[in-house]
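Let me begin by presenting the structure, written as structure tokens, before commenting on it.
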Amino acid sequence: MTQRTGLDLAARLADADPEIARLIEAEGRRQFEKIRLIPSENYVSQAVLEATGTVLTNKYSEGYARKRYYEGQQIIDEVEELAVARAKELFGVEHANVQPYSGSPANLAIYLAFMQPGDTVMGMSLPMGGHLTHGWSVSATGKWFRSVQYSVGRETGRVDLDEVREIARAERPKLIFCGGTAIPRLIDFEGYAEIAREVDALLVADIAHIAGLIAGGAHPSPVGHAPVISTTTHKTLRGPRGAMLMSDQEHAKPLDRAVFPGLQGGPHNHTTAAIAVALKEAATQEFTAYAGQIVENAKALATALIERGFDLVSGGTDNHLILVDLTNKDVGGKPAAKALDRAGIELNYNTVPYDTRKPFDPSGIRIGTPAVTTRGLTPAHMAQIAAWMDEAVEAGKKDDGEALDRIAADVRDFTKAFPIPGWPAS
Ligand SMILES: *Cc1c(COP(=O)(O)O)cnc(C)c1O
Numbered sequence: 002m003t004q005r006t007g008l009d010l011a012a013r014l015a016d017a018d019p020e021i022a023r024l025i026e027a028e029g030r031r032q033f034e035k036i037r038l039i040p041s042e043n044y045v046s047q048a049v050l051e052a053t054g055t056v057l058t059n060k061y062s063e064g065y066a067r068k069r070y071y072e073g074q075q076i077i078d079e080v081e082e083l084a085v086a087r088a089k090e091l092f093g094v095e096h097a098n099v100q101p102y103s104g105s106p107a108n109l110a111i112y113l114a115f116m117q118p119g120d121t122v123m124g125m126s127l128p129m130g131g132h133l134t135h136g137w138s139v140s141a142t143g144k145w146f147r148s149v150q151y152s153v154g155r156e157t158g159r160v161d162l163d164e165v166r167e168i169a170r171a172e173r174p175k176l177i178f179c180g181g182t183a184i185p186r187l188i189d190f191e192g193y194a195e196i197a198r199e200v201d202a203l204l205v206a207d208i209a210h211i212a213g214l215i216a217g218g219a220h221p222s223p224v225g226h227a228p229v230i231s232t233t234t235h236k237t238l239r240g241p242r243g244a245m246l247m248s249d250q251e252h253a254k255p256l257d258r259a260v261f262p263g264l265q266g267g268p269h270n271h272t273t274a275a276i277a278v279a280l281k282e283a284a285t286q287e288f289t290a291y292a293g294q295i296v297e298n299a300k301a302l303a304t305a306l307i308e309r310g311f312d313l314v315s316g317g318t319d320n321h322l323i324l325v326d327l328t329n330k331d332v333g334g335k336p337a338a339k340a341l342d343r344a345g346i347e348l349n350y351n352t353v354p355y356d357t358r359k360p361f362d363p364s365g366i367r368i369g370t371p372a373v374t375t376r377g378l379t380p381a382h383m384a385q386i387a388a389w390m391d392e393a394v395e396a397g398k399k400d401d402g403e404a405l406d407r408i409a410a411d412v413r414d415f416t417k418a419f420p421i422p423g424w425p426a427s
């Protein structure tokens, strides 16, 4: 009889840790059975999943390719160089850094590279659709820097570049962020660039939400307008959780130094490999079609929602994202989101511009089509989703749990026809 001592390192997860294995399995089922409309989420490919779960996680690689502080980088250098080359090619940029751990640290690196504490940053305010890291008060970026924020028009729900210009002229920010988390319309990078030039500010395009649309030609690119570009890799770009910073040559060195050694230690090499895989996928014809389909689906869903009396901020969408103001439906965003989740439709409650309710109990919900488009849903399916949403919101108002469960059963039945990569686990 062989006496096993210590851990069996060759054991599969299901044997080594049945509790976690069971939870991962359950999360896979949840992702399979629901209609996932959170606009910052997606389903990555089997190839991206595989690259993420590899021995590359074992390696320390502080520094950059060919300039490392640890030995044994023969292979990792090639992995990172591939990721960088693919990012440069895909987005048409002079420089790319694929090491930021996620979108927020990537943005912090931009501050470290180009700002001193107390300098002025300008970004879209969070409740209007910006991101925490664009200078919002509770974020380090709003505490350590002087922050001025712009809004969207009360009537239009869109950024008013005249207002942006006015604030920029008065406040003279050193850094201007464009982009955000709840912007249903195209971003006029050229317009922002003019303003930045006029006030001698550095323009940063944060394309976290729309990177996949840009790569696929479904949204204009900031390249040539914003010298520094920040993006996550896990939203429309459909890669692993991670981020990239891209720039022209002039801003390359300060950015690299800010990421390492300024903010981070060793890069997550398994993530770098998975980013490389996602970038390869994003350079295909299929991905271009995917990006176009995301927008087609969002427009179809917007139309179907409007037909059912939903009030969309800015009246619709140009991209992957829809912001719904539920005020006219007489229900808050949070109770609606909870009812919808029970009905199998996953989304998030969100502030709407000029919200009269509290941030933790706001008036809106935010939805998007990147994940359902990955599963193969088309505009033809969007009327059905809008119908379920309408029913669920009304059922939620009446606290009709039975109706919500009935919708969830229909949704489960519907999603069976649309497999997801990685589940059931192979
Ligand atoms: C998601 C997002 C981020 C932050 O990304 P994390 O990976 O969640 O830190 C930054 N900026 C914008 C515009 C985003 O949408």
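The sequence shown begins at 2 in the numbering used here and counts up by one. Idealized CB from N, CA, C, for every residue including glycine. Everything numeric in this text was worked out from a predicted model, so none of it was measured.
| query | result |
| --- | --- |
| Let me make sure I understand the geometry here. Which of His235, Arg155, Arg258 has the alpha-carbon closest to that of Gly243? | His235 |
| By DSSP, does Gln100 sit in helix, in strand, or in coil? | coil |
| Could you round the C-beta distance between Thr121 and Phe92 to whole angstroms and report it? I think they count as a contact, below 8 Å. | Incorrect: roughly 28 Å between the Cβ atoms, too far for contact. |
| For Leu162, which option in Ala183, Leu57, Leu187 has the closest C-alpha, if you only look at C-alpha atoms? | Leu187 |
| Please classify Ser138 as buried or exposed, where buried requires at least 16 neighbouring CB atoms within 10 angstroms. | exposed |
| May I have the straight-line CA-CA distance separating His321 from Val353, to the nearest angstrom? | 17 Å |
| State yes or no: is the C-beta of His132 nearer than 7 Å to some heavy atom of ligand 1? | yes |
| So for Lys68, helix, strand or coil by DSSP? | strand |
| Suppose you measure from the CA of Tyr350 to the CA of Ile368; what does that come to, to the nearest Å? | 9 Å |
| Over the uninterrupted alpha helix (DSSP H) stretch that includes Val1, give me the two end residues. | The requested residue 1 is not part of the displayed model; the chain covers only 2 to 427. |
| Cutting at 6 Å between CB atoms, please list the residues of its own chain near Lys35, excluding the five before and the five after it. | Gly345, Glu347 |
| Quick check on Met383: does DSSP put it in helix, strand or coil? | helix |
| With a cut-off of 8 Å on the beta carbons, I'd call Ala219 and Gly104 a contact; round off their distance for me. | Not a contact, Cβ separation roughly 20 Å. |
| What are the boundary residues of the alpha helix (DSSP H) that includes Thr357? | First-last for Thr357: undefined, no H or E at that position. |
| Quick one: does the C-beta of Thr233 sit closer than 7 Å to a heavy atom of ligand 1? | yes |
| What separation, rounded to the nearest whole angstrom, lies between the Cα atoms of Thr318 and Thr182? | 14 Å |
| Return yes when the Cβ of Leu405 is within less than 8 Å of the Cβ of Arg343, no when it is not. | yes |
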